[in-house]
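Worksheet: the structure to be examined is printed underneath.
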Amino acid sequence: MVDLRDIITRDVITIDSKSSVIEVAQLMSRKNISSILVVEDEITKGIISERDFLHFIAEDHDPHTVKAEDIMSSPVITSDINTKLHQILEVMWGKGIRRIPITEEGKLVGIITETNLTQALRRSKIKLEPKVEDTVATQPMQHDLQFGKTYLFMEHKPERSIKAFEEMVKHTIPGLLITRDDPREVKQKYGLDKTPVIWLTNSSPTGEFIDPHNIVGLSLTINDYMSNADKSVVLLDGISYLITQNQFDTILGLMQYLRDNSVKHNSTLIIPLNPKTLEDRQVELIKQEVDEIL
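No gaps in the numbering here: position 97 of the sequence shown is 97 in the numbering used here, and each next residue is one more.
See below:
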């Protein structure tokens, strides 16, 4: 997973709490920034945004006499440099904020923005080339799965779903398999020599894997694969696992995104799910985001 140290902006523009509001406005205008941190002795005391200025203007104060500390928003949500990226993302989404000051031993060392975060997660996607298996099945496919459709397989373990996936890739359709199991075992069990199999895990194994908190990287990896193939099949295992590692609404949004892109790129999307691992309400919401339940 990406280290926070590698992506934060360290050259943070700050101002002293005793600076006048006119000085704050001039600095923000000169640097072309929409907010500024108020700092004393490397400790973040507050933040001044354009919204704070609007409130100040509405109250008709003298900008030469009013100080930064008088109009700043405080306290400020900060995060330690050792915080995981997914925790930063959850705070941003949960609090509706676009930037978070980063501290080390209590002192300001940088700031992370939505742009920093999105760019880092985009770089963490896995680039894959669609390939067709050499082994071609001679028997007709038992599952009549259509391109541009999303299928939900309700099963205790991903068995019928992987069988349907295996049928398609062995009928010259390039496929991508995201699994909760060791990819080496999956490849051997189903005879997948060229089909990319990615491990969904946070244990940092050798080989291709995606951390369950890296939803942006996961979604972009799948979307890129779909877009690079004329027609394809993608199996996404581990929906329940993803929900335990993230927020349900985040994973529901992921499914909506992938469903839309499976239509756009003429791909078949297969999602196995054990309904007993989720609340009834969650299962019903998931059902609404697929074309067929098997």
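C-beta atoms are modelled at their ideal positions from N, C-alpha and C, and glycine is treated no differently. On a predicted model such as this, the values are computed, not experimentally measured, just so you know.
Shown here, Leu37 sits in a strand according to DSSP, grouped into three states.
In the three-state DSSP reduction, Pro272 falls in the strand class (E or B). As a beta-bridge residue in DSSP terms, Pro101 pairs with Ile111.
Leaving aside the five residues that flank Leu285 on each side, the residues in its chain whose CB is nearer than 7 Å to its CB run, in chain order, Leu252.
Ranked by Cα distance from Ile81, the options Tyr151, Leu235 and Glu104 are led by Glu104.
By the criterion of at least three beta-carbon pairs nearer than 8 Å, the segment 106 to 122 is not in contact with the segment 136 to 145. Of all C-beta pairs linking the segment 68 to 85 to the segment 191 to 199, fewer than three are shorter than 8 Å, placing the two stretches out of contact. Boundaries of the alpha helix (DSSP H) around Gly253: Phe248 to Lys264.
Three or more beta-carbon pairs drawn from the segment 266 to 280 and the segment 216 to 233 are found closer than 8 Å, and the two stretches are therefore classed as touching. Nearest to Asp291 by C-alpha distance, out of Ser262, Arg281, Ser35 and Leu27, is Ser262.
Boundaries of the beta strand (DSSP E) harbouring Ile43: Ile43 to Ser49, taken from the DSSP string. At least 9 Å separates the beta-carbon of Ile293 from that of Leu236. Here Thr118 carries a helix assignment [DSSP, helix/strand/coil]. Taken in chain order, the unbroken stretches of alpha helix (DSSP H) that lie wholly in the segment 194 to 239 and span 4 residues or more are 215 to 228.
Spanning the alpha carbons of Met92 and Thr195 requires a straight line of approximately 36 Å.
Annotation for Leu152: the continuous beta strand (DSSP E) segment containing it runs Thr150 to Met154. When the beta-carbon positions are compared, Lys231 and Phe147 come within less than 9 Å of each other.
Leu278 places its beta carbon less than 9 Å from that of Ile243. For Ile88, the enclosing alpha helix (DSSP H) starts and ends at Leu85 to Lys95.
Under a 10 Å Cβ-count criterion, Asn32 is classified as exposed, with fewer than 16 other Cβ atoms of the shown protein chains found around its own Cβ. About 10 Å separates the beta carbons of Ile97 and Ile88, which is beyond the 8 Å limit, so they are not a contact pair. Taking the C-beta atoms as reference points, Ile13 is found nearer than 9 Å to Ile36.
If you check the CB distance, Lys125 and Leu4 do not come in under 9 Å. The straight-line gap separating the alpha-carbon atoms of Glu40 and Lys18 is approximately 10 Å.
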